[in-house]
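For the record, the sequence lines run as chains A, B and C.
Going by our numbering, 64 is the number at position 64 of the first sequence; the sequence numbering is gapless.
To convert, take the position in the second sequence, counting from 1, and add 250; that gives our numbering.
To convert, take the position in the third sequence, counting from 1, and add 504; that gives our numbering.
Glycine included, each C-beta is placed from N, C-alpha and C at the ideal position.
Remarks on the structure that follows.
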Amino acid sequence: MTDRLLAPLHAIGTYFILMGRAFASVREVRTYWSNFITQMVRIGVESIPIVALAAAFTGAVLTVQTAYQLQTSFVPNTIIGSIVVPSMMLELAAVITAFILAGRVGARIAAELGTMRVSEQIDALEVMGLNSISFLILPRVLAGVVMFPALYIFACLIGIGGGLGIAEAAGLLSTTEFIEGARQFYQPFDPYFGLIKSITFGFIITSIACYKGYYTKGGAEGVGQSTTEAAVQSCVFVLLADLALAVLLL
Amino acid sequence: MIQIEHLHKSFGDLDVLEDVSLNIHEGETLAIIGHSGSGKSVLMKHIVGLLSPDKGRVLVDDVDICSVPYERLREVRKHFGVLFQGGALFDSMTSEENVAFPLEYFSSRSPAEIKARVAECLELVRMPDVGPKKPAELSGGMRKRVALARAIALEPKYILYDEPTSGLDPQTSNTIDELIQQLAEEMNVTSVVVTHDMHSVFNIADRAAFLYGKNLHWVGPINAIHDRADPVLDSFVTASEYHVGTHPTASSPS
Amino acid sequence: MNYSNEVKVGLSIVLAVVVLIVGVRYFQDLPIFSSSYLLTANFENVSGLSAGNPVRLSGVNVGTVESVQLQQDEETVRVRFRVNENVLIPEGSMAEVRGFSALGGVRLGIRPGPSSNPPLQPGSIINTPSGPGLLDQLTQQGPEMTSKVDSVLDNTSRATGALANQMEEGGDLQQTLASLRNVATTLESVSGGEEETLRSAIQNLETITADLQSFTSENSDSLGVTVQRVNRNLTRLEQNLANLERTTAALGSFAEKINEGEGTLGRLANDPSLYNNLDSTSVQMNRLLRDLQENPQRYLEDMTLVRMF
Ligand SMILES: Nc1ncnc2c1ncn2[C@@H]1O[C@H](COP(=O)(O)OP(=O)(O)O)[C@@H](O)[C@H]1O
Ligand SMILES: [Mg+2]
Numbered sequence: 001m002t003d004r005l006l007a008p009l010h011a012i013g014t015y016f017i018l019m020g021r022a023f024a025s026v027r028e029v030r031t032y033w034s035n036f037i038t039q040m041v042r043i044g045v046e047s048i049p050i051v052a053l054a055a056a057f058t059g060a061v062l063t064v065q066t067a068y069q070l071q072t073s074f075v076p077n078t079i080i081g082s083i084v085v086p087s088m089m090l091e092l093a094a095v096i097t098a099f100i101l102a103g104r105v106g107a108r109i110a111a112e113l114g115t116m117r118v119s120e121q122i123d124a125l126e127v128m129g130l131n132s133i134s135f136l137i138l139p140r141v142l143a144g145v146v147m148f149p150a151l152y153i154f155a156c157l158i159g160i161g162g163g164l165g166i167a168e169a170a171g172l173l174s175t176t177e178f179i180e181g182a183r184q185f186y187q188p189f190d191p192y193f194g195l196i197k198s199i200t201f202g203f204i205i206t207s208i209a210c211y212k213g214y215y216t217k218g219g220a221e222g223v224g225q226s227t228t229e230a231a232v233q234s235c236v237f238v239l240l241a242d243l244a245l246a247v248l249l250l
Numbered sequence: 251m252i253q254i255e256h257l258h259k260s261f262g263d264l265d266v267l268e269d270v271s272l273n274i275h276e277g278e279t280l281a282i283i284g285h286s287g288s289g290k291s292v293l294m295k296h297i298v299g300l301l302s303p304d305k306g307r308v309l310v311d312d313v314d315i316c317s318v319p320y321e322r323l324r325e326v327r328k329h330f331g332v333l334f335q336g337g338a339l340f341d342s343m344t345s346e347e348n349v350a351f352p353l354e355y356f357s358s359r360s361p362a363e364i365k366a367r368v369a370e371c372l373e374l375v376r377m378p379d380v381g382p383k384k385p386a387e388l389s390g391g392m393r394k395r396v397a398l399a400r401a402i403a404l405e406p407k408y409i410l411y412d413e414p415t416s417g418l419d420p421q422t423s424n425t426i427d428e429l430i431q432q433l434a435e436e437m438n439v440t441s442v443v444v445t446h447d448m449h450s451v452f453n454i455a456d457r458a459a460f461l462y463g464k465n466l467h468w469v470g471p472i473n474a475i476h477d478r479a480d481p482v483l484d485s486f487v488t489a490s491e492y493h494v495g496t497h498p499t500a501s502s503p504s
Numbered sequence: 505m506n507y508s509n510e511v512k513v514g515l516s517i518v519l520a521v522v523v524l525i526v527g528v529r530y531f532q533d534l535p536i537f538s539s540s541y542l543l544t545a546n547f548e549n550v551s552g553l554s555a556g557n558p559v560r561l562s563g564v565n566v567g568t569v570e571s572v573q574l575q576q577d578e579e580t581v582r583v584r585f586r587v588n589e590n591v592l593i594p595e596g597s598m599a600e601v602r603g604f605s606a607l608g609g610v611r612l613g614i615r616p617g618p619s620s621n622p623p624l625q626p627g628s629i630i631n632t633p634s635g636p637g638l639l640d641q642l643t644q645q646g647p648e649m650t651s652k653v654d655s656v657l658d659n660t661s662r663a664t665g666a667l668a669n670q671m672e673e674g675g676d677l678q679q680t681l682a683s684l685r686n687v688a689t690t691l692e693s694v695s696g697g698e699e700e701t702l703r704s705a706i707q708n709l710e711t712i713t714a715d716l717q718s719f720t721s722e723n724s725d726s727l728g729v730t731v732q733r734v735n736r737n738l739t740r741l742e743q744n745l746a747n748l749e750r751t752t753a754a755l756g757s758f759a760e761k762i763n764e765g766e767g768t769l770g771r772l773a774n775d776p777s778l779y780n781n782l783d784s785t786s787v788q789m790n791r792l793l794r795d796l797q798e799n800p801q802r803y804l805e806d807m808t809l810v811r812m813f
């Protein structure tokens, strides 16, 4: 009974100690540099196409639906731009990116590290005298923190572009009206808030996946379980962090 | 010199080791034998600090690796080469890259010297042609040999083998046994071989330690393994010999 | 297409940073590669204007509102806004809030002043339409203006009259000449400095007339423009009056000096003949000059002194 109650605390403690140990070795650049580059490609560069696709459709759908919702009221067309652009910048670009990458990156990291754990590759690293945490975890988390903001920026660009494109193509409103509306309500803090979110999400997704993967138990089944947990829990914590940031910073 | 003193280890409710003490001498080849699940791998992982004991301690060259800081432990580990049960090759890398990996991180060799050393190690395990292949393209025995090449790349003082011959055909098993012997003789390493394969034990070991019922049931020189009146050890050894059947010592019981 | 990982990562990050910078500037409606400058306007009421709203000049977006602050002690709202570097706003331009906040279309409009005016400097304050209407201002300021002009003329004639009197009575010539010189320089500097202002005042008065004429025309916008311009002209006139007042003050202090002085100058202060009109002033001036022409030797010994100044 007490074990059940203590389990979450044990997990939280283990997680933070793991992250602490990862960042404690942040100066051992030589240990993780090449992995860092590789992970930035895997987490960031290779995610650009899927993030772009999702962002383009999100922007387009948001624009069409906003236009539909406003079609009977006496508000100018520009309002559509005023709704779509801040929505993308404040929320959608960051959250859509995070959800896609929770599946794509989170599951990948958890499966990778989990397999390394159950096939004793992590032990092999340790036995060689390498710090496996700084070698495996730090580069992945750092890559997430660096590449998520970049992906967020692309998602904004492409999402807004998708909205503009569909607005023009479907004759909902002109590009000029769209942009005018966007500028009307543009708050300089919006994109920076989105950036803060994306950095947070990047950390949450990669660190939870690393934690789940690194402490995988059992064989193939354990890897499967870690992978699922990593994807699900990072989505949950992304949503919680989203709310927390909105409450704290807006 | 490795000294294991009064080691206790349990996982949750499961007691695996209780009061295990064992000395491993310089230059010898010690076999740790026992049934599956008796805790051989657990004992071996304590020797390199991958697991820490609940009670007791492990001294490697008089350093208590259970209480030293992590950075110091890493230094101690550099004297070890470990061949894991499944090889534990990094599957994102080719065989060559696997063998080169410890050299790149822990030696001051130039890229050319590393290349030469990698070729030398692969030659030694009689796998000179698998360099560009990834672990997934290799058979189990090949993987173990490449892993052995990686374990010896930095010329360790101690080599730990976790079931080096399990799951291999008899011919490949013999090849591995020969390699273990060769390394022990040529490089004068101290070897610890975890196995339940008595055939291997008779081939390579100087001494044997029999793990049974949470502690060491019997420790002694390999030629004394038949000169005892111990039903437990006897049945373990006999079962192996019956299984192997063709082994010279098995065909000439004393 | 086989770039190294470093190149891929570097390219992505550089691209992201460029998109961020360009995008942020784009949505802030700032020119992407040049900078902007800051202007301030004080309003009584901004009708819902807020930071981020566009600034328009002749209907074209030229910048954004940076901040809107309520100055409670001064009962005004201070609006700071950025204008693109390449857009020059002439002095005498007006900033005003346009649009309806209910529709979200609030913006800061700028009515350009005469394009011949020099441009507003960064950081300066741009005029805003002030409260009362044209007629109110005219009725308020009409009598005030008249009385001010009156008092100026009064003072001038008083001073010159005093001088003339002194000439006639033949008092301390040396001192009189010095004082005379003072008056002359003051007058000179006044007329010199104010020449430009006076001319533009007259011009502005002309535009007022023109505006008033177009007041009746069907052009709906001209009413507003007219009020603006008249306002502006009144502001200018006020400035002119201020200058005239300064002149008066100078003359006044001159008279004070005379009051404080001894002998004949002291008497000047109490002389009832000081209250003369401008006409008589010029007559007396004429007389003084004639006297100078007719009896040069009378002033000769003091001429060297005059030259010394
Ligand atoms: N990390 C672990 N967590 C929990 N139980 C473990 C762990 N490692 C080993 N065990 C348990 O300890 C016992 C001994 O395992 P092991 O030493 O691997 O056996 P073997 O002698 O076959 O190598 C087994 O029952 C195993 O389930
Ligand atoms: Mg084992």
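Whole-angstrom distance between residue j and residue i, CA atom to CA atom
| i | j | result |
| --- | --- | --- |
| B/Leu-386 | B/Ala-399 | The sequence given here places Ala at residue 386 of chain B; Leu does not occur at that position. Between B/Ala-386 and B/Ala-399, the C-alpha separation is close to 17 Å. |
| A/Phe-154 | A/Val-232 | 25 Å |
| A/Arg-252 | A/Ser-47 | Residue 252 of chain A cannot be examined here, being either before or after the span of chain A that is shown, 1 to 250. |
| B/His-446 | B/Gly-463 | 15 Å |
| C/Phe-547 | C/Glu-578 | 11 Å |
| B/Ser-334 | A/Val-64 | Note on identity: in this sequence residue 334 of chain B is Phe, with Ser being the wrong assignment. Computed Cα separation, rounded: 58 Å. |
| A/Glu-28 | B/His-285 | 42 Å |
| C/Gln-576 | C/Pro-558 | 25 Å |
| B/Arg-327 | A/Phe-135 | 16 Å |
| A/Gln-297 | B/Asp-480 | Residue 297 of chain A lies beyond the stretch modelled for chain A, which goes from 1 to 250, so this question has no answer here. |
| A/Ile-96 | B/Ser-345 | 39 Å |
Closer than 8 Å: residue i CB and nearest ligand 1 heavy atom
| i | result |
| --- | --- |
| B/Leu-301 | yes |
| A/Val-85 | no |
| B/Asp-480 | no |
Close Cβ partners of residue i (< 6 Å) along its chain, the five nearest in sequence each way excluded
| i | result |
| --- | --- |
| A/Ala-11 | none |
| C/Gly-613 | Arg-560, Glu-600, Arg-602 |
| C/Leu-642 | Caution applies to C/Leu-642, whose pLDDT of 48 falls short of 50 and renders its modelled position unreliable; the model cannot decide the point. |
| A/Thr-200 | Ala-241 |
| B/Met-423 | In the sequence under discussion, the amino acid at residue 423 of chain B is Ser, which differs from the Met named in the question. The residues are Thr-415. |
beta-carbon residue i near ligand 2 non-hydrogen atom, thresh 8 Å
| i | result |
| --- | --- |
| B/Ser-291 | yes |
| B/Val-444 | yes |
| B/Glu-413 | yes |
Simplified DSSP state of residue i, which is helix, strand or coil
| i | result |
| --- | --- |
| B/Ile-409 | strand |
| B/Asp-269 | strand |
| C/Ser-718 | Unreliable positioning characterises C/Ser-718 in this predicted model, as indicated by a pLDDT of 43, which lies under 50. A coordinate reading is not provided. |
| C/Thr-544 | strand |
| C/Val-518 | helix |
| A/Val-105 | helix |
| B/Lys-259 | strand |
| A/Phe-185 | coil |
| B/Leu-418 | coil |
| B/Asp-379 | coil |
Residues that residue i contacts on chain A, provided the C-beta gap is smaller than 7 Å
| i | result |
| --- | --- |
| C/Glu-579 | The contacting residues do not exist; C/Glu-579 stays about 28 Å from chain A at best. |
| C/Gln-532 | Tyr-186, Pro-188 |
Under 9 Å from the C-beta of residue i: neighbouring residues of chain C
| i | result |
| --- | --- |
| A/Phe-154 | Ser-516, Leu-519, Ala-520, Val-523 |
Partner residues on chain C for residue i, Cβ-Cβ distance less than 7 Å
| i | result |
| --- | --- |
| A/Thr-38 | Asn-509 |
| A/Ala-150 | Ser-516, Ile-517, Ala-520 |
Proximal chain A residues relative to residue i, where beta-carbon distance stays under 8 Å
| i | result |
| --- | --- |
| C/Gly-527 | Ile-153, Cys-156, Leu-157, Pro-191 |
Partners in chain C for residue i, counting only beta-carbon separations shorter than 8 Å
| i | result |
| --- | --- |
| A/Ile-48 | Ser-516 |
Close beta carbons around residue i, own chain, < 7 Å, minus the five adjacent residues each side
| i | result |
| --- | --- |
| A/Asn-77 | Leu-173, Glu-177 |
| C/Val-572 | Val-550, Leu-553, Ser-554, Ala-555, Val-581, Val-583 |
Neighbouring residues, chain B, relative to residue i (Cβ below 8 Å)
| i | result |
| --- | --- |
| A/Ser-132 | The contacting residues do not exist; A/Ser-132 stays about 10 Å from chain B at best. |
Residues that residue i contacts on chain B, provided the C-beta gap is smaller than 7 Å
| i | result |
| --- | --- |
| A/Gln-121 | Ala-338, Phe-340 |
Amino acids of chain A, ordered along the chain, whose beta-carbon sits closer than 9 Å to that of residue i
| i | result |
| --- | --- |
| B/Pro-352 | Met-128, Gly-129, Leu-130 |
| B/Met-356 | Checking the sequence, you will find Phe at residue 356 of chain B rather than Met. Those are Met-128, Gly-129, Leu-130, listed as they occur along chain A. |
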